[in-house]
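Student: Chains as they are written, first to last, in this note's numbering: chain G, 1 to 180; chain W, 181 to 423.
A virtual CB, placed ideally from N, CA and C, is assigned to each residue, including glycine.
These numbers were taken from a predicted model, which means no experiment stands behind them.
The structure under discussion is supplied below as structure tokens; questions concerning it will follow.
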């Protein structure tokens, strides 16, 4: 693990140049190797094409049709799976999330941004808001945390703007299964 | 000197270089490498939870959203903790260059460069922690303080705030907000803090105010002297060796 934050000038200029030269050499070699292999493959393809002559075109066409059918079938299956999972207990309704935020916002706090990230584990909301006082921020976090839909809250930032308002970024981790 | 994150900090680099030169001569320091502990108020910090595996490009984008200047003007670095958290820090290039010019002027080379209060966070994060434990480390200076929060050993917050010397109540109020802001929803001990470690100016006053609140289970004062506290930070940087 790195010892800590380093805010000095960028390190390893000479080492960087050396790495660049080695990388340049490797890329050149790989490029020529690629061209050579491509030519060998092309030669092999032409030879086998000549050998097969009769029926080659017909076979290739039927193979293409099969691939297309298989792909379209997969797409239909994926769509069906998505539809069937939309009502599963682990799904989250967007209207419910909006309701959660609306209920948790104190009167003195203005919502300036809201985004939902399903890719985090668990899925999370990023709430960006402006508050007048620190107590309002505390109240917002408390109300969010009190919801059964919320697994954890994390205050990512609380900064004073020049006009005295507090700019707040709050991450809300969501329970995918609602608590009883 | 006027410490700021956005504007030049040093009015006369040459004058300050002369002072540093005189100090180095006075203490008989060897002219090799100097570790540089930058003032906290010149640094912008942020903690990104669960981003330990994120590429630096993405982290820079996130950091850019809170910087009071453009990302291209920033020099930044990221420290990744054991629990996938990331501590981000940035300094404006023109501010950093002023401090580096002083090191050059006294004919030394730069060793590690970090902020005073950030330097000790990596070593604190290695301390063992129980489930649900909430720990606060508070580094107090006459004009500002740095609050660092660990939940179950994971760094969850690091912030620097201004204060007036002797104002213990303001600091105490901020510490007591921590459980509401950072306790996990399933924690049994809502509204209480397991331990608060205090360093630097007014540590005893803040400790007394926190004891009165009866919401802090253990209070540790590791030092009550600002100079000694700065010394510890520099010792930490020197122990890191070459960057």
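Pull up the CB-CB distance for residue 224 of chain W and residue 196 of chain W, whole angstroms please, since I reckon it's below 8 Å.
Tutor: Not quite, the Cβ-Cβ distance comes to about 23 Å (not below 8 Å), so this is no contact.
Student: Out of curiosity, what's the CA-to-CA distance linking residue 362 of chain W and residue 230 of chain W?
Tutor: Going from the Cα of residue 362 of chain W to the Cα of residue 230 of chain W covers about 15 Å.
Student: So, under 8 Å CB-CB, residue 351 of chain W and residue 357 of chain W are touching, yes? Tell me the CB distance rounded to an integer number of Å.
Tutor: Actually they are not in contact, since the Cβ atoms of residue 351 of chain W and residue 357 of chain W sit about 11 Å apart, beyond 8 Å.
Student: Have a look at W:314, W:310, W:341 and W:317 and flag the residue whose alpha-carbon is nearest the alpha-carbon of residue 325 of chain W.
Tutor: Among W:314, W:310, W:341 and W:317, the Cα nearest to that of residue 325 of chain W belongs to W:341.
Student: Tell me whether residue 65 of chain G sits in a helix, a strand or coil according to DSSP, three-state version.
Tutor: Only weak support exists for where residue 65 of chain G lies, its pLDDT of 49 falling under 50; the coordinates are left without a value.
Student: In terms of residue numbering, what span does the alpha helix (DSSP H) encompassing residue 393 of chain W cover?
Tutor: Run containing residue 393 of chain W: 383-393, per the alpha helix (DSSP H) assignment.
Student: Alpha carbons only, please: which of W:332, W:373 and W:285 is nearest the one belonging to residue 308 of chain W?
Tutor: Measuring from the Cα of residue 308 of chain W, the nearest candidate turns out to be W:332.
Student: Who are the near neighbours of residue 233 of chain W in its chain, counting only those whose CB is closer than 8 Å to its CB and skipping five residues on each side?
Tutor: Around residue 233 of chain W: 264.
Student: Which residue marks the beginning of the beta strand (DSSP E) containing residue 303 of chain W, and which one marks its end?
Tutor: Careful: residue 303 of chain W lies outside any beta strand (DSSP E), inside the alpha helix (DSSP H) at 301-304.
Student: Please compile the residues from chain G whose C-beta is within a distance smaller than 7 Å of the C-beta of residue 230 of chain W.
Tutor: Simply 120.
Student: Can you find at least 3 beta carbon pairs, one from the stretch 143-151 of chain G and one from the stretch 162-176 of chain G, that sit closer than 8 Å?
Tutor: Judged by Cβ distances under 8 Å, the stretch 143-151 of chain G makes contact with the stretch 162-176 of chain G, as three or more pairs qualify.
Student: Compute the Euclidean distance between the alpha carbons of residue 124 of chain G and residue 96 of chain G, then round it to the nearest angstrom.
Tutor: Their Cα atoms are separated by approximately 13 Å.
Student: Spatial neighbours of residue 39 of chain G within its chain, please: CB distance less than 8 Å, with the 5 preceding and 5 following residues excluded, ordered by chain position.
Tutor: If we look at residue 39 of chain G and ignore the five residues flanking it on each side, it has no Cβ neighbours.
Student: Along the stretch 278-295 of chain W, where does the CB come closer than 9 Å to a CB of chain G? Name the residues.
Tutor: Listed by position along the chain: 280, 290, 291, 292, 293, 294 and 295.
Student: Can you check whether the CB of residue 7 of chain G is closer than 8 Å to the CB of residue 269 of chain W?
Tutor: Result yes, Cβ atoms of residue 269 of chain W and residue 7 of chain G sit closer than 8 Å.
Student: Any idea if residue 22 of chain G is buried or exposed, counting beta-carbon neighbours within 10 angstroms, 16 or more meaning buried?
Tutor: So residue 22 of chain G counts as exposed.
Student: In chain G, what lies closer than 7 Å to residue 357 of chain W by C-beta?
Tutor: Neighbours of residue 357 of chain W on chain G, chain order: 134 and 138.
Student: Within the same chain, show all residues whose beta-carbon is closer than 8 Å to that of residue 273 of chain W, passing over the 5 residues directly before and after it, in chain order.
Tutor: If we look at residue 273 of chain W and ignore the five residues flanking it on each side, its Cβ neighbours are 253, 254 and 255.
Student: By a C-beta neighbour count over all protein chains shown, 10 Å radius and 16 as the cutoff for buried, is residue 319 of chain W buried or exposed?
Tutor: Label assigned to residue 319 of chain W: buried.
Student: Take residue 400 of chain W and list the residues in its own chain whose beta-carbon comes closer than 8 Å to its own, dropping the five residues that flank it on each side.
Tutor: Cβ neighbours of residue 400 of chain W beyond the five flanking positions: 375, 376, 377 and 378.
Student: On the DSSP letters alone, give me the boundaries of the beta strand (DSSP E) that residue 129 of chain G sits inside.
Tutor: Note, residue 129 of chain G: beta strand (DSSP E), 124-131.
Student: Taking the beta carbon of residue 243 of chain W as the centre, do at least 16 other beta carbons fall within 10 Å, making it buried, or is it exposed?
Tutor: The residue is buried, with at least 16 neighbouring Cβ atoms inside 10 Å.
Student: Going by C-alpha to C-alpha distance, which of W:321, W:371, W:261 and W:290 sits closest to residue 335 of chain W?
Tutor: Out of W:321, W:371, W:261 and W:290, W:261 has the C-alpha closest to the C-alpha of residue 335 of chain W.
Student: Under 8 Å between the Cβ atoms of residue 101 of chain G and residue 137 of chain G?
Tutor: No, the Cβ-Cβ distance between residue 101 of chain G and residue 137 of chain G is not below 8 Å.
Student: Given this structure, state the Cα-to-Cα distance separating residue 236 of chain W from residue 44 of chain G, to the nearest angstrom.
Tutor: Taking the straight line joining both Cα atoms gives about 45 Å.
Student: Give a yes or no on whether the minimum CB-CB distance between residue 8 of chain G and chain W is below 8 Å.
Tutor: Judged by the 8 Å Cβ criterion, residue 8 of chain G is in contact with chain W.
Student: Secondary structure at residue 328 of chain W, three-state DSSP: helix, strand or coil?
Tutor: If DSSP states are grouped into helix, strand and coil, residue 328 of chain W belongs with the strands.
Student: Please determine, among W:300, W:317 and W:406, the residue with the shortest C-alpha to C-alpha distance to residue 431 of chain W.
Tutor: There is simply no residue 431 of chain W to check, as chain W begins at 181 and stops at 423 in what is shown.
Student: Under the assumption that residue 155 of chain G contacts residue 166 of chain G (Cβ atoms under 8 Å), give the Cβ distance between them as a whole number of angstroms.
Tutor: No, residue 155 of chain G and residue 166 of chain G are not in contact; Cβ-Cβ is about 11 Å, not under 8 Å.
Student: By the criterion of Cβ-Cβ separation under 7 Å, what are the contact partners of residue 271 of chain W in chain G?
Tutor: Under the 7 Å cutoff, chain G gives 7.
Student: For residue 2 of chain G and residue 47 of chain G, what's the separation of their Cα atoms in angstroms?
Tutor: The straight-line gap from Cα to Cα measures roughly 56 Å.
Student: Should residue 143 of chain G be flagged as near chain W, meaning a C-beta pair shorter than 8 Å?
Tutor: False, the Cβ-Cβ gap to chain W never drops below 8 Å.
Student: Short of 8 Å Cβ to Cβ, which residues in the stretch 219-245 of chain W face chain G?
Tutor: Answer in chain order: 223, 226, 227, 228, 229 and 230.
Student: Could you check whether residue 420 of chain W and residue 292 of chain W sit closer than 8 Å to each other, using their CB atoms as the reference points?
Tutor: Yes, these two residues count as a Cβ contact at 8 Å.
Student: Put residue 83 of chain G into one of helix, strand or coil per three-state DSSP.
Tutor: Low confidence applies here, because residue 83 of chain G scores a pLDDT of 45, under 50, leaving its location unreliable; read the following figure in that light. Three-state result, residue 83 of chain G: helix.
Student: Any beta-carbon of chain G closer than 8 Å to the one on residue 315 of chain W?
Tutor: No, residue 315 of chain W does not count as interfacial toward chain G.
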